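Participant: There's a structure below that I have some questions on.
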Amino acid sequence: MKFLRRYLLLTLALTLAGCTSSVPPVEADSPDPSPSPTASASESSEPETVPDEPEPTEPAPEPSASAQPSTPPHAPGPNANRDAAPKLADGRVDCSQAQCAALTFDDGPGKYTEQLLDTLKAAGVPVTFFMIGSSIEARPDTVKRAAAEGHALGTHTWSHPVLTKLSEAGMREEMSLPVNALNAIGLQTNMIRPPYGARNEIVDAVADSLGLAEVLWSVDTRDWESLSTPAVISEAVADAFPGSIILMHDVHPTTVAAVPDIITKLEAAGYVLVTVPELLGDSFGAGSTIFSQGQVKAH
Ligand code: NI
5 MKFLRRYLLL
15 TLALTLAGCT
25 SSVPPVEADS
35 PDPSPSPTAS
45 ASESSEPETV
55 PDEPEPTEPA
65 PEPSASAQPS
75 TPPHAPGPNA
85 NRDAAPKLAD
95 GRVDCSQAQC
105 AALTFDDGPG
115 KYTEQLLDTL
125 KAAGVPVTFF
135 MIGSSIEARP
145 DTVKRAAAEG
155 HALGTHTWSH
165 PVLTKLSEAG
175 MREEMSLPVN
185 ALNAIGLQTN
195 MIRPPYGARN
205 EIVDAVADSL
215 GLAEVLWSVD
225 TRDWESLSTP
235 AVISEAVADA
245 FPGSIILMHD
255 VHPTTVAAVP
265 DIITKLEAAG
275 YVLVTVPELL
285 GDSFGAGSTI
295 FSQGQVKAH
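Our numbering applies: residue 5 is where the sequence shown begins, and numbers increase by one.
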């Protein structure tokens with residue numbers, strides 16, 4: 005009892021003295037509970053920060069037998085190489101006769117994509133975009149402009165995961181949601197590029213069931229790594245070959261800045277720059293994985 009009374013007196017004295025040091029401080033401006041820095045960083049992280057696709061190592065396969073209806077001919081601006089190239093009856097460049105190559109751009113649309121579209125329009129060059137689903141939803145006007153100006157649209161999953169690490173249901177969701185996002189703005193697609201080129205038999209089967217051709221690449225500029233305009237120009241031009249599919253990313257300003265020179269140099273070397281469906285002609289379609297005009301693996 006004696007001890008308790010002393011304790012109570014001491015407490016009273018401290019309280020009267022205004023001593024609050026034993027009370028945990030209250031931060032008037034402490035933030036509301038919110039996602040951890042890790043969570044918010046991952047939500048806002050750009051797909052392009054992830055080192056991208058490794059070189060595919062598939063052996064040269066036989067041409068796909070599963071021909072599907074090709075995309076309609078597009079209407080790019082004036083382009084001497086294209087104008088002079090042999091054409092199919094419907095106006096597509098006949099890449100079985102012409103020396104074709106396809107420029108492709110992954111991970112957009114982003115804030116530099118409109119600048120790229122300006123460049124492509126001025127040059128009369130159609131390309132192929134493999135777009136992230138969430139970015140389609142974020143920039144629908146850019147996507148619609150790309151389609152209206154004759155570019156081919158493919159998807160690149162919803163959130164750029166390694167598809168082979170997902171369950172089949174997860175793969176299906178990642179691969180179908182971007183298609184839905186395109187459909188929601190009145191557009192269609194029949195091709196997908198798996199992030200990092202990561203695919204297996206299950207990815208192939210899901211792509212087949214969704215009616216999506218898998219488009220990989222045969223020239224990797226590694227533009228995400230160099231982040232150098234001269235390096236991107238040199239990689240794209242030096243490694244191009246007839247029938248090649250050239251991988252770049254339109255989320256990097258260094259890449260977008262390289263495109264005018266890449267076009268000039270490839271056209272000077274005799275290339276007709278076409279979309280991937282145009283490159284493949286009537287052999288383009290689901291049920292296959294495409295690395296180049298001459299390297300198409302039927303599933
Ligand atoms: Ni990517």
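Idealized CB from N, CA, C, for every residue including glycine. The structure displayed is predicted, hence computed values, not measured ones.
Looking at the ligand NI, does it come within less than 8 Å of tyrosine 363, judged from the CB to the closest heavy atom?
Facilitator: Residue 363 is absent from the structure shown; the chain starts at 5 and stops at 303.
Participant: Among Glu282, Gln299 and Ile136, which has the Cα closest to the Cα of proline 198?
Facilitator: Taking the first residue of the sequence shown as 1, we reach residue 198 at position 194. Out of Glu282, Gln299 and Ile136, Ile136 has the C-alpha closest to the C-alpha of proline 198.
Participant: What's the gap between the Cα of leucine 277 and the Cα of aspartate 87?
Facilitator: On the sequence shown, residue 277 is found 273 positions in, with the first residue counted as 1. On the sequence shown, residue 87 is found 83 positions in, with the first residue counted as 1. Distance between the alpha carbons of leucine 277 and aspartate 87: 11 Å.
Participant: Would you list, in sequence order, the uninterrupted alpha helix (DSSP H) runs of no fewer than 4 residues that lie entirely inside the region 232-257?
Facilitator: Runs of the alpha helix (DSSP H) inside the region 232-257: 233-243.
Participant: Across the region 85-103 and the region 223-240, are there enough close Cβ pairs to call them in contact, namely three or more that are closer than 8 Å?
Facilitator: Segments in contact, no.
Participant: Suppose the cutoff is 7 Å on Cβ atoms and the five residues either side in sequence are ignored; what does the same chain contact list for serine 146 look like?
Facilitator: Position 142 of the sequence shown, counting from 1, holds the residue named residue 146. In the sequence as displayed, the identity of residue 146 is threonine instead of serine. Within the same chain, threonine 146 has close Cβ partners Pro113, Thr117 and Glu118.
Participant: Kindly examine the ligand NI and report whether one of its heavy atoms sits closer than 8 Å to the Cβ of proline 113.
Facilitator: On the sequence shown, position 109 is the one that residue 113 refers to. No; taking the cut-off as 8 Å, the Cβ of proline 113 has no heavy atom of the ligand NI nearer than that.
Participant: If you drop the 5 nearest sequence neighbours on each side, which residues of the same chain put their C-beta closer than 6 Å to that of alanine 202?
Facilitator: On the sequence shown, residue 202 is found 198 positions in, with the first residue counted as 1. Correct list, in chain order: Val166, Leu167 and Thr168.
Participant: Going by the CB atoms, is the gap between valine 183 and alanine 159 shorter than 9 Å?
Facilitator: Indexing the sequence shown from 1 puts residue 159 at position 155. Indexing the sequence shown from 1 puts residue 183 at position 179. In the sequence on display, residue 159 carries threonine and not alanine. Yes.
Participant: Within the same chain, show all residues whose beta-carbon is closer than 7 Å to that of valine 207, passing over the 5 residues directly before and after it, in chain order.
Facilitator: Taking the sequence shown and counting its residues from 1, one reaches residue 207 at position 203. If we look at valine 207 and ignore the five residues flanking it on each side, its Cβ neighbours are Leu167, Thr168, Met175 and Pro198.
Participant: When we look at the beta-carbon of alanine 106 and count the other beta-carbons within 10 Å, is it buried (16 or more) or exposed?
Facilitator: Along the sequence shown, read from residue 1 onward, the residue named residue 106 stands at position 102. Alanine 106 is buried by the Cβ-count criterion.
Participant: What's the gap between the Cα of serine 296 and the Cα of tryptophan 221?
Facilitator: To locate residue 296, count along the sequence shown from 1; it is residue 292. To locate residue 221, count along the sequence shown from 1; it is residue 217. So the alpha carbons of these two residues sit roughly 6 Å apart.
Participant: Taking the Cβ atom as the reference point for each residue, do leucine 270 and glycine 247 lie within a distance shorter than 9 Å?
Facilitator: To locate residue 270, count along the sequence shown from 1; it is residue 266. To locate residue 247, count along the sequence shown from 1; it is residue 243. Cβ distance not < 9 Å, so leucine 270 and glycine 247 don't count as in contact.
Participant: Provide the residue span of the alpha helix (DSSP H) that contains glycine 158, from first to last.
Facilitator: Position 154 of the sequence shown, counted from the first residue, corresponds to residue 158. Not the alpha helix (DSSP H): glycine 158 falls in the beta strand (DSSP E), residues 156-159.
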